[in-house]
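A.B. asks: For reference, the structure I am asking about is given below.
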Amino acid sequence: MSKLSFALGGFALAPLAFLTTVAVASGLLITPTPALSAPKLTIAQKTMNHAEVAFTDYLQQVEETSAIDPQALESQLGGTGSADIAMMVVDGYTGDELYSRHADDIRTPASSLKLISGVAILDHLDPAHRFTTTVSVTDHQLTIHAGGDALMGVEDSDDRAVAGRAGLKTLAEDTLAALEAREATGEYTVAVEVADYQQLHPDWEEEGMVTSGNISQVTPIATFGARAHKSSGTDRVHDPAGFVASTFQQHLDEALPEDSDLTVTLAEQSVTTETVDGEELASAESATVAEQLAYGIKESDNQIMEVLARQAAMASGFEPNVTGVQQMITETVDEHGLSNTTIADASGLSSHNLTTASDLVEIVETISTTPELSPIDEGLPVAGSDGTLATRMDEGPTAGTVRAKTGTLAASVTLSGITTTQDGRPVYFVLISPQDIGGGGILDARSDLDQLTTALTSCGC
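Here's what the structure looks like:
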């Protein structure tokens, strides 16, 4: 990537395009002038020339004056945090390695793995795609066809939201309107049709991830990431598809007029993997893949990442199960030359996911410099502002500056992202705690990583 491109935040703009933007923003109207033997420069053109020189000088100044001295950085970071923390820092301007320790040690990435799975998901899913949930009728059975939206809302659809863009109450009301238009009478039952997903990874059950609410049954339909209410917590429902069926039925029942000749009940088998063909009555669309992925990264939502990964696995020709997800993400790992990375799942919940700081920093750099991967970059939590960093590093130079993916397991604590040093130099960094710290060591490990990130951001190196 060119130095100019990075200086403009990763957008590959030509210098002229950038300068045109500057001139327009300054209120100058730029119009083509006819070719003359001795052309006169317009004010705008003169401004453009001055701006071009100024910007070129600025780039030269950045290159010469803000370059990081690796020895100074070593002095800044060497005594901070546990000596066993794996770490790698790369200059965001030159791509040069600036600092490393234990960078090739194989460790558990925890939720930092979501950066890798996010790249794999965008390799196979159109970021503008929306998942469609439809309702059909066959005889007296209403079937909700799961389309991959695990962020449905319980109430009305909300066009401004990512979680809850498609609402079950709105879908139920639209379904009832279609039934009334058909002058339907009698008793109807409600069921959900889902793809035959392998719903749980063996590691999740063995490591207590299901009982702790870190994830639930992975189905191609759910409300709020398998929650009954909009939140980012661990209050997940045990049967997401069954919850959709019962909530939809309740909304239908509540919307029926008291004198209606129509009744709606829950089917005895409310979730089925059998294909049901019927006449479509209503539908609802999710937020885009890009929006859902950014949400999954920012909130570190395991449910969303696993559902998106299964959709991507199907799109790439693999089965929507644990093995298919592993194969799909491993293809991306191989394409990027991440030779020390092993994939167990898409969420990072399994302690059998393995990688190194050097592999992860490669992915961080790729995400930052590849426009097609901008949904991941935009989803990175911001220190002291949002997502899983909302209450971390919320004071001093790190607040609003550090953008990074967090990761927390008893196996390890991680932080992978981008910051800017005191001298204005962008850097990519990855931090991984010592392996197998245990539940009691999580807070101390997190504190160590935050201290190192603060030291890096504060560096006038």
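For the sequence shown, position 386 (counting from the first letter as 1) is numbered 404 according to our numbering, and the numbering increases by one without interruption.
Every residue gets a Cβ at the ideal spot worked out from N, C-alpha and C, and that includes glycine.
Assign Lys132 to one of three DSSP states: helix, strand, or coil.
C.D. replies: Taking the sequence shown and counting its residues from 1, one reaches residue 132 at position 114. Note: Lys132 maps to helix in three-state DSSP.
A.B. asks: My assumption, with CB atoms under 8 Å, is that Leu143 sits in contact with Gln329. Please give the rounded CB distance.
C.D. replies: Counting from 1 along the sequence shown, the entry for residue 143 is found at position 125. Counting from 1 along the sequence shown, the entry for residue 329 is found at position 311. Indeed they touch by this definition, with Cβ atoms about 6 Å apart.
A.B. asks: Under 6 Å Cβ to Cβ from Thr152, same chain only, skipping five residues before and after it: list those, please.
C.D. replies: Counting from one through the sequence shown, the residue named residue 152 turns up at place 134. The residues are His163, Glu298 and Ser301.
A.B. asks: Can the beta-carbon of Met105 be found less than 8 Å from the beta-carbon of Ala375?
C.D. replies: Counting from one through the sequence shown, the residue named residue 105 turns up at place 87. Counting from one through the sequence shown, the residue named residue 375 turns up at place 357. Cβ distance < 8 Å, so Met105 and Ala375 count as in contact.
A.B. asks: Within 10 Å of its beta-carbon, does Pro393 have 16 or more other beta-carbons around it, so buried, or fewer, so exposed?
C.D. replies: Mapped onto the sequence shown, residue 393 falls at position 375. So Pro393 ends up on the buried side.
A.B. asks: Does the segment 436-456 come into contact with the segment 466-478, if we say contact requires no fewer than three beta-carbon pairs (one atom in each stretch) closer than 8 Å?
C.D. replies: The segment 436-456 vs the segment 466-478: in contact.
A.B. asks: Buried or exposed: Gln287, going by 16 or more other Cβ atoms within 10 Å of its Cβ?
C.D. replies: On the sequence shown, position 269 is the one that residue 287 refers to. Gln287 should be labelled exposed.
A.B. asks: Taking the alpha-carbon of Gly402 as reference, which of Arg410, Thr112 and Leu326 has the nearest alpha-carbon?
C.D. replies: Along the sequence shown, read from residue 1 onward, the residue named residue 402 stands at position 384. Selected option, being the one with the closest Cα: Arg410.
A.B. asks: Would you check if the segment 305-316 and the segment 220-237 touch, i.e. whether three or more CB-CB distances between them fall below 8 Å?
C.D. replies: They do not touch, by the three-pair rule.
A.B. asks: Quick one: using the 10 Å Cβ neighbour count with 16 as the cut-off for buried, is Glu353 buried or exposed?
C.D. replies: Locating residue 353 in the sequence shown gives position 335, where the first residue counts as 1. Exposed, since its Cβ has fewer than 16 Cβ neighbours within 10 Å.
A.B. asks: Would you kindly work out how many angstroms separate the C-alpha atoms of Asp109 and Val379, rounded to a whole number?
C.D. replies: For the purposes of this step, residue 109 is identified with residue 91 of the sequence shown, where counting begins at 1. For the purposes of this step, residue 379 is identified with residue 361 of the sequence shown, where counting begins at 1. One C-alpha to the other measures close to 11 Å.
A.B. asks: State the DSSP-derived secondary structure class of Asp377, mapped to helix, strand or coil.
C.D. replies: The residue given as residue 377 occupies position 359 in the sequence shown. Looking at Asp377 - three-state DSSP - the assignment turns out to be helix.
A.B. asks: Apart from the five residues on each side of it in sequence, which residues of its chain come closer than 8 Å, Cβ to Cβ, to Ala417?
C.D. replies: Locating residue 417 in the sequence shown gives position 399, counting from the first residue. Closer than 8 Å at the Cβ level, and outside the excluded window around Ala417, lie Ala401, Gly402, Ser403 and Met411.
A.B. asks: Helix, strand or coil: how does DSSP classify Thr39 here?
C.D. replies: Stepping through the sequence shown from its first residue, residue 39 is reached at position 21. Because Thr39 carries a pLDDT of 36, less than 50, the predicted location of this residue cannot be relied on, and the following value inherits that uncertainty. Correct three-state label for Thr39: helix.
A.B. asks: Select from Gly442, Val431, Gln89 and Phe447 the residue whose C-alpha is nearest the C-alpha of Ser465.
C.D. replies: What you label residue 465 is simply residue 447 of the sequence shown in a count that begins at 1. Per the Cα distances, Val431.
A.B. asks: Rounded to whole angstroms, what's the CA-CA distance from Asp221 to Val448? Just pull it up for me.
C.D. replies: As a first step, residue 221 must be located in the sequence shown, where it is residue number 203. As a first step, residue 448 must be located in the sequence shown, where it is residue number 430. Roughly 25 Å separates the two Cα atoms.
A.B. asks: Could you name the residues of the same chain whose beta carbon sits closer than 6 Å to that of Asp87, not counting the 5 residues immediately before and after it, in chain order?
C.D. replies: Taking the first residue of the sequence shown as 1, we reach residue 87 at position 69. Closer than 6 Å at the Cβ level, and outside the excluded window around Asp87, lie Cys479.
A.B. asks: If you reduce the DSSP assignment to three classes, tell me which class Glu337 lands in.
C.D. replies: Position 319 of the sequence shown, counting from 1, holds the residue named residue 337. Glu337 falls in the coil class under three-state DSSP.
A.B. asks: Mapping the DSSP letters down to three states, classify Ser476 as helix, strand or coil.
C.D. replies: Within the sequence shown, residue 476 is the residue found at index 458, counting from 1. Three-state result, Ser476: coil.
A.B. asks: Is Ser434 helix, strand or coil by DSSP?
C.D. replies: Stepping through the sequence shown from its first residue, residue 434 is reached at position 416. Strand at Ser434.
A.B. asks: In the DSSP output, which residue or residues are listed as bridge partners for Ala104?
C.D. replies: Within the sequence shown, the letter at position 86 stands for residue 104. Note: Ala104 sits in a beta bridge opposite Ile450.
A.B. asks: If distances are taken between C-alpha atoms only, which option among Ser451, Gly456, Asn339 and Phe242 comes closest to Pro127?
C.D. replies: For this step, residue 127 is matched to residue 109 along the sequence shown. It is Ser451 whose Cα lies nearest to the Cα of Pro127.
A.B. asks: Check the C-beta distance from Leu169 over to Thr207 and give it rounded, since I have them as a contact under 8 Å.
C.D. replies: Indexing the sequence shown from 1 puts residue 169 at position 151. Indexing the sequence shown from 1 puts residue 207 at position 189. 26 Å between Cβ atoms; not a contact.
A.B. asks: Pick out whichever of Thr283, Leu372 and Ser249 has its Cα sitting closest to the Cα of Glu317.
C.D. replies: Looking up residue 317 in the sequence shown gives position 299. Of the listed residues, the one whose Cα sits closest to Glu317 is Ser249.
A.B. asks: I need the straight-line Cα distance from Ala331 to Glu303, nearest angstrom please.
C.D. replies: Within the sequence shown, residue 331 is the residue found at index 313, counting from 1. Within the sequence shown, residue 303 is the residue found at index 285, counting from 1. Cα to Cα, Ala331 sits roughly 21 Å from Glu303.
A.B. asks: Classify Ser154 as buried or exposed, calling it buried when 16 or more other Cβ atoms lie within 10 Å of its own Cβ.
C.D. replies: The residue you call residue 154 lines up with position 136 of the sequence shown. Its Cβ being crowded by 16 or more others within 10 Å, Ser154 is buried.
A.B. asks: Residues bridged to Glu353 by DSSP?
C.D. replies: Taking the first residue of the sequence shown as position 1, residue 353 is located at position 335. Beta-bridge pairing links Glu353 to no other residue.
A.B. asks: So Ser366 packs on Lys187, CB below 8 Å; how close in whole Å?
C.D. replies: Start at 1 with the first residue of the sequence shown, and residue 366 comes out as number 348. Start at 1 with the first residue of the sequence shown, and residue 187 comes out as number 169. Checking the sequence, you will find Gly at residue 366 rather than Ser. The pair is not a contact, with the Cβ atoms about 33 Å apart (cut-off 8 Å).
A.B. asks: Run through DSSP, which three-state label would Gly166 get?
C.D. replies: Translated into positions along the sequence shown, residue 166 becomes position 148. If DSSP states are grouped into helix, strand and coil, Gly166 belongs with coil.
A.B. asks: In the DSSP assignment, find the beta strand (DSSP E) that holds Ser288 and state where it starts and stops.
C.D. replies: Here the question's residue 288 lines up with position 270 in the sequence shown. First-last of the beta strand (DSSP E) with Ser288: Leu280 to Thr290.
A.B. asks: DSSP state of Gly425, grouped into three classes?
C.D. replies: Mapped onto the sequence shown, residue 425 falls at position 407. Strand, per DSSP.
A.B. asks: Mark Ser93 as exposed unless 16 or more other C-beta atoms lie within 10 angstroms of its C-beta, in which case mark it buried.
C.D. replies: In the sequence shown, counting from the first residue as 1, residue 93 sits at position 75. By the 10 Å Cβ count, Ser93 comes out exposed.
A.B. asks: Decide if Thr426 is buried, meaning its Cβ has at least 16 other Cβ atoms within 10 Å, or exposed.
C.D. replies: For this step, residue 426 is matched to residue 408 along the sequence shown. By the 10 Å Cβ count, Thr426 comes out buried.
A.B. asks: Using only the heavy atoms of the ligand MG, determine whether one of them is closer than 7 Å to the beta carbon of Ile315.
C.D. replies: The model on display carries no ligand, and the ligand MG is accordingly not part of it.
A.B. asks: DSSP on Asp395, reduced to helix/strand/coil?
C.D. replies: Locating residue 395 in the sequence shown gives position 377, counting from the first residue. Asp395: helix per DSSP, three-state reduction.
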